[in-house]
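**Q** I'd like to ask some things about the structure below.
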Amino acid sequence: MVNMQRNALGRVGIACVVALWCSPGMADDIPVKAWLDTDTVQAGQPFHIMVEMKGSEIEGPELPEVQGLLIGSTPRIRRDSWRISMSGREHVKIRGYRAQVNQKGTVTLPPIAVTIDGRTFHTDPITIEVTDASPQPRRPTPEELDRGRPRTQDRTRPYISTDPITADDIVLLEASIDRKEAYLNEPIILTLTFLEVVDAQTRVRRLDEIMPTTEGFYVFPLQREHPHGRTPLEYRDGRRYRIEERLRVLYPTTTGELTIGPWRYYGVATIGSGFHQERHHLEVTTSPITVEVRNLPEGPSSFTGAVGDFSVSAHLGQGEVVQGVPTTLTLTIVGQGNPHAISRPRFEGYDGFSVAAPASDIRNIPSPDAPTFEKKFTYAITPYRSGDLTFPAFEFCYFNPEQGTYVTETLGPFSLSVRPSENQEPRIFVDSGRDPRPAPVETFATGMLPPVTIDDDLRPPSRGIVSLATPFAVVFPVLAYGAFAIILARRRKLALDPRYARLHRARSHSRKRLGGLSSAPDPASELYRALTEYVADMLNIDGAGLTSADIERILREQESEQWLIDNYMRILRACERARYAGTPLSKEELNALTHGARLSMKEFENHLSQRGKV
Amino acid sequence: MSAVSILVAFVIGATAYNEAFDQALEHYRAGHFAESIALYEQLVAERVERPEVFLNLANAYHRNGQYPAAIANYERALRLDPTMEEAQFNLTQCVGRTKRRLERPENPGWESALLFWHDTIPRSVAHWTSIAAWVLLWLVLAVRLWRPLPYLRLAALAALVVAVAFGASAWIKYSPSPLAVARYDHTPVRFGTSEDDDIRFELFEGDRVLIDGKANGWVRVTIADGERGWTRLDNLIRVGPPYENGANDTTPETNRRPG
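Respectively, the protein sequence lines represent chains H and Y.
Just so it is clear: in the first sequence, position 194 is 194 by my numbering, and no numbers are missing.
Heads up, my numbering is the position in the second sequence plus 614, with the first residue counted as 1.
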């Protein structure tokens with residue numbers, strides 16, 4: 001009975017606990033609320049309207065439009081968490097919208113509607129009391145920051161802010177130009193500076209970046225190298241930033257007011273660590289920049305489009321040539337200005353020459369401060385008369401925007417000694433030096449770099465030769481090495497192995513001797529020695545003093561066939577007879593004996609070869 | 615013709631290829647991009663494979679609004695001369711005008727790890743350096759055979775390493791991973807090589823893909839984030855070689871967006 005009462009009491013207790021937990025108070029039944037992130041709102045100062053929503057499926061909030069209250073359309077602060085309750089999984093969503101009131105007074109934010117799980121809830125209205133903007137604490141000037149702030153503290157250390165980082169501090173963009181007014185084609189340097197805060201608790205991811213549009217400008221990127229290759233750091237408003245600087249040289253190609261568009265950056269930043277992270281969507285934009293472009297004043301006829309500060313020189317390739325053979329005249333223009341806008345200068349009053357269209361070449365000269373180029377025009381100048389000729393002086397004119405005047409440089413005249421050519425055939429020369437067309441300057445709405453020119457021969461490569469060259473270059477060294485190794489090994493064997501060396505020499509020596517018989521003073525003795533030394537060399541025995549009887553014995557020891565021995569003996573004895581009897585061999589006899597000796601030596605070599613002795 | 619006349623003709627006269635190049639440049643400067651493209655494509659068809667030609671062709675396509683062909687030709691120029699700043703800059707600009715601005719798919723991991731140094735070396739430099747080191751290797755070996763001087767073994771080893779490294783670099787540069795560029799928007803990439811297979815994802819005009827398989831007119835492609843699937847070869851402009859004409863912009867029926 002007591003147990004039953006205890007069970008009943010327990011069940012009632014559990015039911016009460018469950019009922020309490022599920023009651024509106026425990027479940028926090030207001031799923032939507034709104035508040036401001038600050039107690040005091042000042043005119044012109046931004047603040048955040050925070051909205052908290054709880055539920056499974058949340059739609060909204062729908063922000064009302066209020067006269068005098070500016071509210072951002074996308075939340076700058078996002079916090080999300082999930083919790084499990086008796087009613088299931090619940091999403092707690094907090095969004096912070098940047099807002100600003102520009103005038104002092106009272107503004108009421110009406111209820112904000114949010115749809116949660118199919119039902120619409122409203123927040124309580126918020127009355128915002130806006131006060132006058134109080135004087136802001138003075139921010140350190142850049143000079144003070146560079147020296148290190150504040151003055152009362154250690155001057156060697158920069159001022160470091162202790163305020164928490166806000167989304168506005170994370171990424172900064174700066175776009176600036178070195179002049180607001182310029183002449184047509186005058187170089188303007190656009191500096192784009194990207195600053196990203198360096199902070200252990202802040203992580204930034206770049207989603208997108210839209211570079212400023214430069215319609216009406218010819219654009220050239222500049223490289224600036226940082227000392228020691230490190231990315232520079234800089235303090236701004238007490239925070240440390242990593243700096244990326246991009247430089248562009250802009251050459252205005254039309255007159256009037258030109259606009260450099262805004263530079264836009266989109267990214268995501270996470271501030272904090274662990275469970276206390278805030279995620280911010282970043283959208284940073286620079287203001288557009290306008291440039292007033294003036295037209296150039298009326299210029300002399302020798303002006304061909306160069307605007308900037310230049311130094312000019314010209315020289316001839318050779319001072320002495322043969323009639324009809326071209327030499328080169330090189331005009332070099334070095335300076336700061338758009339090289340693509342510079343056309344070749346006009347040549348006038350030259351007689352006795354043919355001038356071909358020049359090849360032009362542009363080179364960027366690395367310079368950390370100002371874009372410097374070198375443009376060369378190389379003309380092929382062909383004299384078609386002989387004698388001491390003079391190529392006349394010509395003018396190169398450019399507009400100097402700093403001085404606002406045209407500067408004309410005179411180059412030449414150039415003396416050339418021309419020797420007459422032996423070939424007097426008439427020749428046709430293509431002369432294109434008199435009518436230079438001004439180089440058109442492109443307007444790049446796209447910010448593209450222009451096409452390039454080619455001065456060398458564009459003929460496609462001969463594939464046959466190229467395709468053979470590589471296998472040849474791969475195989476040839478291996479074969480050459482193999483041949484060299486064989487030759488070297490043979491030479492070493494000849495030097496170290498006398499038997500091999502004599503065997504190798506036997507044939508060539510005997511052949512040489514037999515070939516010189518007709519002119520020898522004693523052909524019979526020479527033939528005799530050729531045969532005996534051949535046998536001695538082949539068998540590596542001492543050849544001095546060998547008689548016909550010795551040869552017969554040796555041939556028998558080598559198991560030569562009888563007819564071969566007989567042949568050898570017949571020749572040797574004929575030679576002995578001629579030597580000792582004093583009757584020289586007739587020409588016919590000598591020929592017959594020589595022929596027989598050759599056959600016998602060949603047969604003897606075959607015989608030794610069959611026996612494996614050579 | 616005398617030697618002097620030949621010399622004069624050589625200096626003054628330009629080859630037909632140079633004339634075509636100059637004409638194409640003139641058309642470009644006058645804003646006649648279609649004519650410029652036709653002339654440059656003719657040069658490419660004639661096997662004038664120079665980075666300058668591909669750069670100018672790409673610029674003409676770029677200015678004509680044909681971004682896939684422009685991207686393919688910038689890539690071709692960069693394959694021939696990886697240090698060409700104009701091509702790098704304009705490629706970035708051109709990719710910035712595509713819908714998704716996808717990165718170039720990365721080369722296989724082993725290639726990036728072993729040949730991290732060769733990106734900025736033109737392929738002809740890699741080729742001839744390898745050949746020179748190879749010839750030097752056998753020359754050193756021959757000298758060593760003749761007279762074994764000190765350090766020759768070390769020199770031969772160094773030459774071998776250079777020859778192999780640059781040879782591998784040249785090999786990869788001559789037969790690079792087959793890159794291609796999507797010609798059309800909403801190009802379906804499917805799970806298999808049939809029109810009945812489900813669509814896995816879509817490519818957009820100018821997206822760059824790596825081709826890593828082929829079957830019956832279909833190719834398996836991988837994009838920068840590693841997604842992979844099958845699409846018809848006609849939907850892509852291969853960066854090559856061989857260099858196909860990128861001017862064809864007729865949209866085949868199969869590329870229309872489903873549904």
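Ideal Cβ placement from N, Cα and C applies to all residues, glycine included.
1. Whole-angstrom Cβ separation of valine 198 of chain H and arginine 240 of chain H, contact assumed at under 8 Å?
2. Kindly indicate the opening and closing residues of the beta strand (DSSP E) around phenylalanine 353 of chain H.
3. Under DSSP, the beta strand (DSSP E) around serine 738 of chain Y begins and ends at which residues?
4. Could you give the DSSP three-state label for tyrosine 788 of chain Y: helix, strand or coil?
5. Could you tell me whether the Cβ atoms of valine 853 of chain Y and alanine 794 of chain Y are closer together than 8 Å?
6. Using CA atoms only, rank isn't needed, just tell me which of Y:Asp812, Y:Ile825 and Y:Arg718 is closest to serine 791 of chain Y.
7. Measuring alpha carbon to alpha carbon, tell me which residue in H:Gly261, H:His281, H:His276 and H:Leu564 is nearest valine 268 of chain H.
8. Following the continuous beta strand (DSSP E) through serine 311 of chain H, name the residue where it begins and the one where it ends.
9. Does the beta-carbon of glutamate 700 of chain Y have 16 or more other beta-carbons within 10 angstroms, so that it is buried, or is it exposed?
10. Taking just the CA atoms, how far does proline 339 of chain H sit from arginine 383 of chain H?
11. Taking 7 Å as the cut-off, is the CB of valine 757 of chain Y close to at least one heavy atom of the ligand SAM?
12. Leaving out five residues on either side along the sequence, give the residues of the same chain with a beta carbon under 8 Å from the beta carbon of proline 696 of chain Y.
13. Using only alpha-carbon positions, find the residue among H:Leu296, H:Val66, H:Gly256 and H:Pro366 that is nearest to phenylalanine 399 of chain H.
14. Using three-state DSSP, classify methionine 615 of chain H as helix, strand or coil.
15. Determine the contact status of valine 293 of chain H and threonine 328 of chain H, defining contact as a CB-CB distance below 8 Å.
16. Along the beta strand (DSSP E) that carries glycine 335 of chain H, what are the first and last residues, could you check?
17. Aspartate 373 of chain H: which of H:Gly272, H:Pro187 and H:Ile260 sits nearest, CA to CA?
18. So, for serine 600 of chain H: in the same chain, excluding its five sequence neighbours on each side, which residues have a beta-carbon less than 6 Å away from its beta-carbon?
19. From this set, H:Phe347, H:Arg236 and H:Pro523, which residue's C-alpha is nearest alanine 574 of chain H's C-alpha?
20. Under 8 Å, with one C-beta from each stretch per pair, do the segment 525 to 542 of chain H and the segment 575 to 594 of chain H reach the 3-pair mark?
21. Can you tell me whether aspartate 731 of chain Y is helix, strand or coil according to DSSP?
22. Output yes if chain Y places a C-beta closer than 8 Å to the C-beta of alanine 480 of chain H; else output no.
23. Excluding five sequence neighbours on each side, which residues of the same chain lie with their C-beta closer than 8 Å to the C-beta of tyrosine 642 of chain Y?
24. On the DSSP bridge list, what partners appear for tyrosine 379 of chain H?
25. Along chain Y, which residues have their Cβ under 9 Å away from the Cβ of isoleucine 362 of chain H?
26. Any idea which residues DSSP pairs threonine 836 of chain Y with across the strands?
27. State yes or no: is the C-beta of threonine 594 of chain H within less than 8 Å of the C-beta of leucine 514 of chain H?
28. Restricting to runs no shorter than 4 residues, where is the alpha helix (DSSP H) found entirely within the segment 461 to 535 of chain H?
29. Give the C-beta separation of phenylalanine 303 of chain H and glycine 335 of chain H to the nearest angstrom, bearing in mind that I take them to be a contact with Cβ-Cβ under 8 Å.
30. Just reading off the beta strand (DSSP E) that phenylalanine 391 of chain H is part of, what are its end residues?
31. Please tell me whether valine 452 of chain H has its Cβ less than 8 Å away from any Cβ of chain Y.
32. Is the beta carbon of leucine 705 of chain Y sitting closer than 8 Å to the one on proline 665 of chain Y?
33. I'd like to know if tyrosine 631 of chain Y contacts chain H, where contact means its C-beta is closer than 8 Å to some C-beta of that chain.
34. So, arginine 822 of chain Y versus arginine 814 of chain Y, is the Cβ gap smaller than 8 Å?
35. What separation, rounded to the nearest whole angstrom, lies between the Cα atoms of arginine 690 of chain Y and valine 662 of chain Y?
36. Run through DSSP, which three-state label would lysine 180 of chain H get?
**A** Answer, in terms of the structure:
1. 5 Å
2. 353 to 355
3. Segment 737 to 760 is the alpha helix (DSSP H) holding serine 738 of chain Y; no beta strand (DSSP E) there.
4. helix
5. yes
6. Y:Ile825
7. H:His281
8. 303 to 316
9. buried
10. Residue identity check: residue 383 of chain H is proline in the sequence provided, not arginine. Approximately 30 Å, taken between the alpha carbons.
11. The ligand SAM is absent from the structure shown, which contains no ligand whatsoever.
12. Asp733, Thr734, Ile735 and Pro736
13. H:Leu296
14. It is not possible to answer for residue 615 of chain H, since the shown part of chain H is limited to 1 through 614.
15. no
16. 327 to 337
17. Sequence check: residue 373 of chain H is phenylalanine here, not aspartate. The shortest C-alpha separation from phenylalanine 373 of chain H is found at H:Pro187.
18. Asn567 and Tyr568
19. H:Pro523
20. yes
21. At residue 731 of chain Y the sequence reads tryptophan, which differs from the aspartate that was named. Coil at tryptophan 731 of chain Y, not helix or strand.
22. yes
23. Ser650, Asn670, Asn673, Ala674 and Arg677
24. H:Leu329
25. Here the premise fails: no neighbours, minimum Cβ distance about 11 Å.
26. Y:Leu824 and Y:Arg842
27. yes
28. 463 to 496 and 498 to 515
29. Their Cβ separation, rounded to whole angstroms, is 15 Å, which puts phenylalanine 303 of chain H and glycine 335 of chain H out of contact at 8 Å.
30. 387 to 391
31. yes
32. no
33. yes
34. no
35. 12 Å
36. coil
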